[in-house]
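A.B. asks: For the record, in the sequence shown the residue sitting at position 524 is 524 according to UniProt numbering, with numbers rising by one throughout. Glycine included, every Cβ here is placed at the ideal spot set by N, Cα and C. For clarity, every value in this text was computed on a predicted model and none was experimentally measured.
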Amino acid sequence: MKRKRTTIYLKRNGKGPCDVCRRKKRRCDGEKPCSRCVKYEFHCTYQQRALQRTAGSNSYVQSLEERLKTVEALLREAQTADGGSSAGSPTPSPHGPGVELTIRAIRGLNNPLTMPYSGDINFADLSDTLQSLSINGANQLQGFQGKSSHAMLVKAVVDLKSHTAPTTAASPADMPPASKPWSSRTWDTDPPRRNYIFPAQDLTQTLLSLYFSNINVLLPTLHRPTFEKALAINQHLHDDGFARTVLLVCALGARYSDDERIYLFPGALNTAGSVWFDQVQLTLRGQPNLYDLQCYCLAAQFLDRTSGPRACWTTVGFGIRLAQDISAHRSKKRIGTILPEHELEKRAYWVMVLIDAQCSAALGRSLAIQSHDFDLEMPVRCDDEYWEASVLGVAFQQSPTRPSLIDYLVCQLNLNRILSLALKILYSTNRIKSLISIGDKGWEQKLVVEFDSALNTWFDSIPPHLHWDPAREATDVFFNQSATLYCSYYLTRILIHRPCIPAIRRSANSNSLPSLTICTNAARACSHVAEIQQKRRPCNPLLFGQTAVFTAGIVLLFNVWGETRGRRTLDADLTDVHRCINVLRAQQERCPPAKPLLETLEQLVKMDRPQRSMGMVSPVVTPASPLSSTPSPYDEALPDPNPAPPTVAWPVYNPALETLDENDRHMFSFHPGPGEAPARAPRVVNPQSTAPTASPSDPSIPPYANIPPYTDTTTFASGSSSYAGPLGNSLPPFNSDADANNLQMEMDVDMAALWSVAPTGFEVSDWDSFLSNINNMPRDC
Numbered sequence: 001m002k003r004k005r006t007t008i009y010l011k012r013n014g015k016g017p018c019d020v021c022r023r024k025k026r027r028c029d030g031e032k033p034c035s036r037c038v039k040y041e042f043h044c045t046y047q048q049r050a051l052q053r054t055a056g057s058n059s060y061v062q063s064l065e066e067r068l069k070t071v072e073a074l075l076r077e078a079q080t081a082d083g084g085s086s087a088g089s090p091t092p093s094p095h096g097p098g099v100e101l102t103i104r105a106i107r108g109l110n111n112p113l114t115m116p117y118s119g120d121i122n123f124a125d126l127s128d129t130l131q132s133l134s135i136n137g138a139n140q141l142q143g144f145q146g147k148s149s150h151a152m153l154v155k156a157v158v159d160l161k162s163h164t165a166p167t168t169a170a171s172p173a174d175m176p177p178a179s180k181p182w183s184s185r186t187w188d189t190d191p192p193r194r195n196y197i198f199p200a201q202d203l204t205q206t207l208l209s210l211y212f213s214n215i216n217v218l219l220p221t222l223h224r225p226t227f228e229k230a231l232a233i234n235q236h237l238h239d240d241g242f243a244r245t246v247l248l249v250c251a252l253g254a255r256y257s258d259d260e261r262i263y264l265f266p267g268a269l270n271t272a273g274s275v276w277f278d279q280v281q282l283t284l285r286g287q288p289n290l291y292d293l294q295c296y297c298l299a300a301q302f303l304d305r306t307s308g309p310r311a312c313w314t315t316v317g318f319g320i321r322l323a324q325d326i327s328a329h330r331s332k333k334r335i336g337t338i339l340p341e342h343e344l345e346k347r348a349y350w351v352m353v354l355i356d357a358q359c360s361a362a363l364g365r366s367l368a369i370q371s372h373d374f375d376l377e378m379p380v381r382c383d384d385e386y387w388e389a390s391v392l393g394v395a396f397q398q399s400p401t402r403p404s405l406i407d408y409l410v411c412q413l414n415l416n417r418i419l420s421l422a423l424k425i426l427y428s429t430n431r432i433k434s435l436i437s438i439g440d441k442g443w444e445q446k447l448v449v450e451f452d453s454a455l456n457t458w459f460d461s462i463p464p465h466l467h468w469d470p471a472r473e474a475t476d477v478f479f480n481q482s483a484t485l486y487c488s489y490y491l492t493r494i495l496i497h498r499p500c501i502p503a504i505r506r507s508a509n510s511n512s513l514p515s516l517t518i519c520t521n522a523a524r525a526c527s528h529v530a531e532i533q534q535k536r537r538p539c540n541p542l543l544f545g546q547t548a549v550f551t552a553g554i555v556l557l558f559n560v561w562g563e564t565r566g567r568r569t570l571d572a573d574l575t576d577v578h579r580c581i582n583v584l585r586a587q588q589e590r591c592p593p594a595k596p597l598l599e600t601l602e603q604l605v606k607m608d609r610p611q612r613s614m615g616m617v618s619p620v621v622t623p624a625s626p627l628s629s630t631p632s633p634y635d636e637a638l639p640d641p642n643p644a645p646p647t648v649a650w651p652v653y654n655p656a657l658e659t660l661d662e663n664d665r666h667m668f669s670f671h672p673g674p675g676e677a678p679a680r681a682p683r684v685v686n687p688q689s690t691a692p693t694a695s696p697s698d699p700s701i702p703p704y705a706n707i708p709p710y711t712d713t714t715t716f717a718s719g720s721s722s723y724a725g726p727l728g729n730s731l732p733p734f735n736s737d738a739d740a741n742n743l744q745m746e747m748d749v750d751m752a753a754l755w756s757v758a759p760t761g762f763e764v765s766d767w768d769s770f771l772s773n774i775n776n777m778p779r780d781c
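This is the structure we're talking about:
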């Protein structure tokens with residue numbers, strides 16, 4: 001017999017708690033007066049009304065739904081990847097927790113930048129509201145206020161107070177006089193306007209044209225129509241911010257001019273533009289604005305061409321902090337429409353982020369800002385003439401028949417995302433590495449593979465008009481953009497694989513990463529591209545080219561010192577070293593920072609090869625051992641969950657084939673291990689297909705420049721793999737372990753030691769110490 005359920009309804013008191021119990025959050029019986037107030041002799045009142053619960057924000061609910069969809073998609077992908085395992089027993093990850101998180105971050109580098117969460121958008125709106133404080137109708141920005149700022153705390157208190165009962169305000173006579181933070185202070189006022197000396201009218205127009213045709217196409221900081229319109233109405237004569245911008249533009253344009261009026265001293269190329277740069281005072285005595293942001297951006301570009309990466313790194317770091325002060329690092333998509341002022345802020349900010357990463361890589365220093373500290377979207381792929389609606393009827397709409405010049409900047413910024421994370425992970429301190437390597441001693445090799453795969457994915461995304469084509473007209477703006485982009489790409493590949501080079505002396509086996517080969521091939525390709533660009537545009541030094549060319553020369557020179565291969569290949573490498581020297585020598589007058597790099601490289605070339613104290617290290621097929629560029633105590637203490645890391649199968653180096661001759665393609669195959677897939681899925685082609693080689697039609701173009709463009713045409717078979725490059729079957733198939741032994745780069749122990757102590761940056765003092773250490777090494781008798 002079923003028992004009857006009885007529902008007990010609790011009788012609820014219609015009265016709420018009194019004001020005292022509500023404030024103290026104590027239980028109240030609702031009587032007048034209540035028992036608690038009677039006990040403690042409080043004045044019991046029922047004037048304060050209960051707060052009404054507001055409905056949840058729709059934007060917050062939508063953000064939760066989006067996150068739920070993302071998590072469900074990730075779970076489906078994980079289930080698909082683990083389809084071979086049983087449903088009830090999840091497959092443990094072969095990586096440690098730190099490596100797993102880092103791999104996920106690397107694999108997301110080529111994804112589009114995500115939209116900011118609704119909470120961030122609401123916070124940004126609130127920050128804009130706090131910035132809109134004004135006196136006498138003038139909009140006086142108070143600077144960006146972050147979530148942990150005092151302003152946000154005051155806002156929370158004000159919101160809480162708005163829900164409470166109004167209290168009796170004190171008499172104004174009883175209150176102390178309030179301070180006025182908006183009042184002017186002596187140290188915050190703008191300095192008096194200086195009497196600037198501008199170049200002559202005809203020279204000004206020439207310098208502006210040189211700036212926009214040589215610099216702004218690579219680092220688009222300014223909007224040319226807006227700039228020229230303001231210059232035409234003589235805004236620089238009464239606007240101090242715009243006047244400083246004009247002077248810096250003239251100083252940068254002078255670096256590409258031969259006019260005698262640009263020098264401090266007659267014929268002194270290294271002083272070109274200094275007469276206008278020295279007039280600009282980069283100080284902040286007042287509220288910063290867009291012109292201040294542009295001035296720091298332009299000044300950093302000038303210092304990079306005159307003083308070197310040290311001064312540029314410091315200046316651009318301050319400029320990034322300035323951009324944060326005016327909230328240029330936060331997304332503006334919530335506004336709905338694209339405003340020219342916001343797009344100019346975005347351009348200046350992204351250009352400084354790009355310069356900061358390049359200088360940090362050159363100096364071996366940390367970045368001024370990390371990618372998780374800003375949520376700014378990429379610049380709009382729209383040329384300057386399409387900003388206004390009068391051209392195509394719609395503002396910020398690029399012509400479909402014309403590639404945008406901003407495509408280069410977006411590609412460079414996407415490459416910059418890979419470079420920045422690689423610098424943070426692979427060149428960090430041991431404290432960071434100890435967190436990543438927990439439970440996984442082979443972490444460095446795995447992350448290098450992931451970085452290389454991300455780099456290959458980025459390379460496939462380059463637009464066709466930016467592909468490297470040596471036969472392109474030198475006057476074509478895409479020629480210079482392509483050369484700059486490819487040299488940055490080769491430098492990034494070298495920086496990614498360099499930490500694994502010293503490990504060759506500890507583990508020489510076919511399963512180890514051929515990092516020395518990859519760095520050498522990238523260095524060859526970089527030297528070829530830089531030489532072609534220098535010969536065809538001698539008065540236009542390659543942007544960030546000094547770092548890339550010097551790195552390529554060092555890699556090739558170390559490879560020559562190895563003396564482990566045929567004489568013909570070593571002579572070719574030495575020829576490439578002299579290519580790098582010639583490029584730096586041609587740039588040293590217009591770019592003085594290239595001179596110390598040139599002298600260092602020349603001293604290394606003139607030195608005798610260091611004495612080898614031991615014989616060759618022949619490659620031996622042994623179980624793979626973990627790689628680590630910097631041995632530290634935690635490498636010994638941590639347990640090894642994977643005693644034999646799996647073989648990594650991946651394309652060694654392929655895009656360099658575009659600029660290498662046939663003799664340089666001697667190690668472009670790889671051997672996939674049993675049951676392993678390549679880091680990036682290849683495309684299958686007919687192994688019998690061949691691509692014809694072109695003969696140079698222009699005597700000024702080297703023979704290697706006419707090799708057809710590279711296509712990823714790697715074929716796989718079980719237990720073997722073969723590579724089919726632009727020359728078809730000119731390379732033999734790679735199908736045996738013996739071939740793996742023959743293809744493994746030999747390297748003597750002393751050369752690996754040189755790699756392990758070589759400076760990571762380009763400070764002259766570091767390389768002087770390195771040279772002195774080499775001079776103290778014994779020589780051959």
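1) Taking 6 Å as the limit between beta carbons, can you name the residues of its chain near Thr547, skipping five residues before and five after?
2) If you check the beta carbons only, do Val583 and Val605 fall under 8 Å apart?
3) By Cβ distance, which residues of its chain are closer than 8 Å to Ala300, with the 5 residues on each side in sequence left out?
4) So what's Ile504 in DSSP terms, helix, strand or just coil?
5) Do you know how far the Cα of Ser257 is from the Cα of Glu450?
6) Can you tell me whether Val20 is buried or exposed? The criterion is at least 16 other CB atoms within 10 Å of its CB, across all chains shown.
7) Suppose you measure from the CA of Met745 to the CA of Trp468; what does that come to, to the nearest Å?
8) Can you give me the C-alpha to C-alpha distance between Asn214 and Thr569, rounded to a whole angstrom?
9) From this set, Cys539, Gly16, Gln603 and Leu557, which residue's C-alpha is nearest Gln587's C-alpha?
10) Is there at least one Cβ from chain B nearer than 8 Å to Leu339's Cβ?
11) Taking the alpha-carbon of Leu231 as reference, which of Thr221, Leu247 and Asn216 has the nearest alpha-carbon?
12) State the DSSP-derived secondary structure class of Lys346, mapped to helix, strand or coil.
13) So, helix, strand or coil for residue 788, using DSSP?
14) Would you kindly work out how many angstroms separate the C-alpha atoms of Ser360 and Thr551, rounded to a whole number?
15) In chain order, what residues of the same chain have a beta carbon less than 6 Å from the beta carbon of Ser736, not counting five sequence neighbours either side?
16) Using the C-alpha atoms, what's the distance from Ala272 back to Gln281?
17) State yes or no: is the C-beta of Asp259 within less than 8 Å of the C-beta of Leu203?
18) In this structure, how does DSSP classify Leu28 when only helix, strand and coil are distinguished?
19) Tell whether a beta-carbon distance below 8 Å holds between Ile494 and Cys411.
20) Are the beta-carbon atoms of Gly98 and Ile518 separated by less than 8 Å?
21) Throw me the rounded Cβ distance for the Ile581 and Leu556 pair, which I believe falls under 8 Å.
22) Could you tell me which of Ser434, Ala368, Thr337 and Leu74 sits nearest to Gln397, measuring between CA atoms?
23) If I'm right that His465 touches Phe479 with Cβ under 8 Å, what's the distance once you round it to whole angstroms?
24) What are the start and end residues of the alpha helix (DSSP H) that includes Ala483?
25) Throw me the rounded Cβ distance for the Arg330 and Asp292 pair, which I believe falls under 8 Å.
26) Take Pro400 and list the residues in its own chain whose beta-carbon comes closer than 6 Å to its own, dropping the five residues that flank it on each side.
27) Would you kindly work out how many angstroms separate the C-alpha atoms of Leu264 and Val249, rounded to a whole number?
28) For a quick check, are the C-beta atoms of Ile210 and Gly253 less than 8 Å apart?
29) Suppose you measure from the CA of Gln235 to the CA of Arg585; what does that come to, to the nearest Å?
30) Grouping DSSP H, G and I as helix and E and B as strand, with all else coil, what is Gly108?
31) To the nearest angstrom, how far is it from the Cα of Ser220 to the Cα of Phe302?
32) Looking only at its own chain, which residues have a Cβ that is under 7 Å from the Cβ of Tyr196, when we skip the five neighbours before and after it?
33) Is Leu322 near Pro288, with beta carbons less than 8 Å apart?
34) Please list, in chain order, all residues of the same chain as Arg255 whose beta carbon is under 7 Å from its beta carbon, the five residues on each side excluded.
C.D. replies: Straight from the coordinates:
1) Here the question's residue 547 lines up with position 547 in the sequence shown. Excluding positions up to five away in sequence, the list reads Ala362.
2) The sequence position of residue 583 within the sequence shown is 583, counting from 1. The sequence position of residue 605 within the sequence shown is 605, counting from 1. In this structure, Val605 does not lie closer than 8 Å to Val583 by Cβ.
3) The residue labelled residue 300 in the question sits at position 300 within the sequence shown. So the qualifying residues of the chain are Cys312, Thr315, Val316, Gly319, Met352 and Ile355.
4) In the sequence shown, counting from the first residue as 1, residue 504 sits at position 504. Low per-residue confidence applies at Ile504: pLDDT is 44, beneath 50, and the placement is therefore not dependable enough to give any value.
5) Looking up residue 450 in the sequence shown gives position 450. Looking up residue 257 in the sequence shown gives position 257. Computed Cα separation, rounded: 44 Å.
6) Numbered from 1 along the sequence shown, position 20 holds the residue referred to as residue 20. Buried: at least 16 other Cβ atoms inside 10 Å.
7) Taking the sequence shown and counting its residues from 1, one reaches residue 745 at position 745. Taking the sequence shown and counting its residues from 1, one reaches residue 468 at position 468. Here Met745 scores only 41 on pLDDT, less than 50, and its place in the model should not be relied on; the value that follows carries that caveat. Taking the straight line from one Cα to the other gives about 28 Å.
8) Along the sequence shown, read from residue 1 onward, the residue named residue 214 stands at position 214. Along the sequence shown, read from residue 1 onward, the residue named residue 569 stands at position 569. Rounded to the nearest angstrom, the two C-alpha atoms are 37 Å apart.
9) Position 587 of the sequence shown, counting from 1, holds the residue named residue 587. For Gln587, the closest alpha carbon among the candidates Cys539, Gly16, Gln603 and Leu557 is that of Cys539.
10) Absent here is chain B; the protein component of the structure consists of one chain.
11) Counting from one through the sequence shown, the residue named residue 231 turns up at place 231. Taking only the C-alpha atoms, the option nearest Leu231 is Leu247.
12) The residue labelled residue 346 in the question sits at position 346 within the sequence shown. The answer is helix: DSSP assigns Lys346 an H, G or I state.
13) Here the chain comprises residues numbered 1 to 781, so residue 788 is not present and cannot be evaluated.
14) As a position in the sequence shown, residue 360 is number 360, starting the count at 1. As a position in the sequence shown, residue 551 is number 551, starting the count at 1. Inter-residue distance for Ser360 and Thr551 is about 14 Å (C-alpha atoms, whole angstroms).
15) Translated into the one-based positions of the sequence shown, residue 736 becomes position 736. Model confidence at Ser736 stands at a pLDDT of 32, short of 50, so the residue's coordinates are unreliable and nothing is read from them.
16) Along the sequence shown, one-based indexing puts residue 281 at 281. Along the sequence shown, one-based indexing puts residue 272 at 272. In this structure, the CA atom of Gln281 is about 18 Å from the CA atom of Ala272.
17) Residue numbering aside, residue 259 sits at position 259 when the sequence shown is read from its first letter. Residue numbering aside, residue 203 sits at position 203 when the sequence shown is read from its first letter. For Asp259 and Leu203, yes; Cβs fall inside 8 Å.
18) Here the question's residue 28 lines up with position 28 in the sequence shown. The amino acid occupying residue 28 in the given sequence is Cys; Leu does not appear at that position. In the three-state scheme derived from DSSP, where H, G and I count as helix and E and B as strand, Cys28 is classed as coil.
19) Locating residue 494 in the sequence shown gives position 494, counting from the first residue. Locating residue 411 in the sequence shown gives position 411, counting from the first residue. No. Outside cutoff.
20) In the sequence shown, the residue the question calls residue 98 occupies position 98. In the sequence shown, the residue the question calls residue 518 occupies position 518. No; because the gap between Cβ atoms is not below 8 Å, this pair is not in contact.
21) Walking along the sequence shown from the start, residue 581 turns up at place 581. Walking along the sequence shown from the start, residue 556 turns up at place 556. Not quite, the Cβ-Cβ distance comes to about 11 Å (not below 8 Å), so this is no contact.
22) For this step, residue 397 is matched to residue 397 along the sequence shown. Checked all of Ser434, Ala368, Thr337 and Leu74; the closest Cα to Gln397 is Thr337.
23) Against the sequence shown, residue 465 aligns to sequence position 465. Against the sequence shown, residue 479 aligns to sequence position 479. Rounded, the Cβ-Cβ distance is 10 Å, inconsistent with contact.
24) Here the question's residue 483 lines up with position 483 in the sequence shown. Note, Ala483: alpha helix (DSSP H), Val477 to His497.
25) Reading the sequence shown from its first residue, position 330 is the one you call residue 330. Reading the sequence shown from its first residue, position 292 is the one you call residue 292. Rounded to whole angstroms, the Cβ separation of Arg330 and Asp292 is 18 Å, and the two are not in contact under 8 Å.
26) Counted from its first residue, the sequence shown places residue 400 at position 400. Exclusion of the five residues before and after Pro400 leaves no residue of its chain whose Cβ lies closer than 6 Å to its Cβ.
27) The sequence position of residue 264 within the sequence shown is 264, counting from 1. The sequence position of residue 249 within the sequence shown is 249, counting from 1. Those two C-alpha atoms are separated by around 17 Å.
28) Mapped onto the sequence shown, residue 210 falls at position 210. Mapped onto the sequence shown, residue 253 falls at position 253. It is worth fixing the name first, because residue 210 is Leu in this sequence and not Ile. In this structure, Leu210 sits near Gly253, with a CB-CB distance shorter than 8 Å.
29) Here the question's residue 235 lines up with position 235 in the sequence shown. Here the question's residue 585 lines up with position 585 in the sequence shown. Using only the alpha carbons, I get a separation of about 41 Å.
30) One-based indexing of the sequence shown puts residue 108 at position 108. Assigned with DSSP and collapsed to three states, Gly108 falls in coil, not helix or strand.
31) Numbered from 1 along the sequence shown, position 220 holds the residue referred to as residue 220. Numbered from 1 along the sequence shown, position 302 holds the residue referred to as residue 302. Position check: residue 220 holds Pro in this sequence, whereas Ser was assumed. When rounded, the separation of the alpha-carbon atoms in Pro220 and Phe302 is 14 Å.
32) Numbered from 1 along the sequence shown, position 196 holds the residue referred to as residue 196. Hits under 7 Å: Ala243, Leu247 and Gln279.
33) Translated into the one-based positions of the sequence shown, residue 322 becomes position 322. Translated into the one-based positions of the sequence shown, residue 288 becomes position 288. Yes; because the gap between Cβ atoms is below 8 Å, this pair is in contact.
34) Reading the sequence shown from its first residue, position 255 is the one you call residue 255. If we look at Arg255 and ignore the five residues flanking it on each side, its Cβ neighbours are Ala272, Gly273, Arg305 and Arg590.
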